[in-house]
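Encoded as structure tokens, the structure appears first; notes follow it.
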Amino acid sequence: MAKQLFTGRFTTENEEDIVVFIIGMRVNNRLAVHKWFPVFQAMPGMIKELYTNKEDLGFLSMESYFGLRTTVMFQYWRSLDDLLAYAKFEKHLTAWKNFNQKVGTNRAVGIYHETYQVKKGNYESLYGNMPYYGLGKALKHIPVATKHESARKRLKLD
Numbered sequence: 000m001a002k003q004l005f006t007g008r009f010t011t012e013n014e015e016d017i018v019v020f021i022i023g024m025r026v027n028n029r030l031a032v033h034k035w036f037p038v039f040q041a042m043p044g045m046i047k048e049l050y051t052n053k054e055d056l057g058f059l060s061m062e063s064y065f066g067l068r069t070t071v072m073f074q075y076w077r078s079l080d081d082l083l084a085y086a087k088f089e090k091h092l093t094a095w096k097n098f099n100q101k102v103g104t105n106r107a108v109g110i111y112h113e114t115y116q117v118k119k120g121n122y123e124s125l126y127g128n129m130p131y132y133g134l135g136k137a138l139k140h141i142p143v144a145t146k147h148e149s150a151r152k153r154l155k156l157d
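Numbering (numbering that gives the first Met the number 0), first residue to last: 0 to 157.
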């Protein structure tokens, strides 16, 4: 089923603090499937858990991308405390323990993450003829009006 497209220009309010969490993996040795595939396979269960318990966990939304060697997921969270609390949930702890036991410092697969705390008023978004996406999926999706016409206005610089 195709995603619903919203014709025109849309944005989000930037009235609340958010956390952007970027996480992914890189296959360094394609032949070492036994090392990198379990890492790849651990993520779907955690994603299901996040969407199933969004409100309780403070998880807002995410986008995923897959390249030839590297995957990346952009996650949006209500707060840093919520993100850090999720790191202690059973599915994540199990995946982390398994990674350390099975991969550890083996160079076959790499993992990474970056965390950004973004204060309200310090982010903006614009979506033209797009389905819900990124912050527009995580936060309230609103039509661009005169008060949101430019990036400067969305950032409240004017």
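Even for Gly, the Cβ is constructed at its ideal location relative to N, Cα and C.
None of these values were measured; they are calculated from a predicted model.
For the pair Arg-77 and Arg-25, the CB atoms are not nearer than the 8 Å cut-off.
Taking C-alpha positions only, Phe-88 is separated from Ala-94 by approximately 10 Å. Residue environment for Tyr-85: buried (at least 16 other C-beta atoms within 10 angstroms of its C-beta). Selection Val-143, Tyr-131, Leu-30 evaluated against Leu-59 yields Tyr-131 as nearest (Cα-Cα). If you draw a straight line from the Cα of Arg-8 to the Cα of Tyr-122, it comes to about 17 Å. In this chain, Val-143 is not harboured by any beta strand (DSSP E), its DSSP state being neither H nor E. Between Thr-11 and His-33, the alpha-carbon positions lie close to 42 Å from each other.
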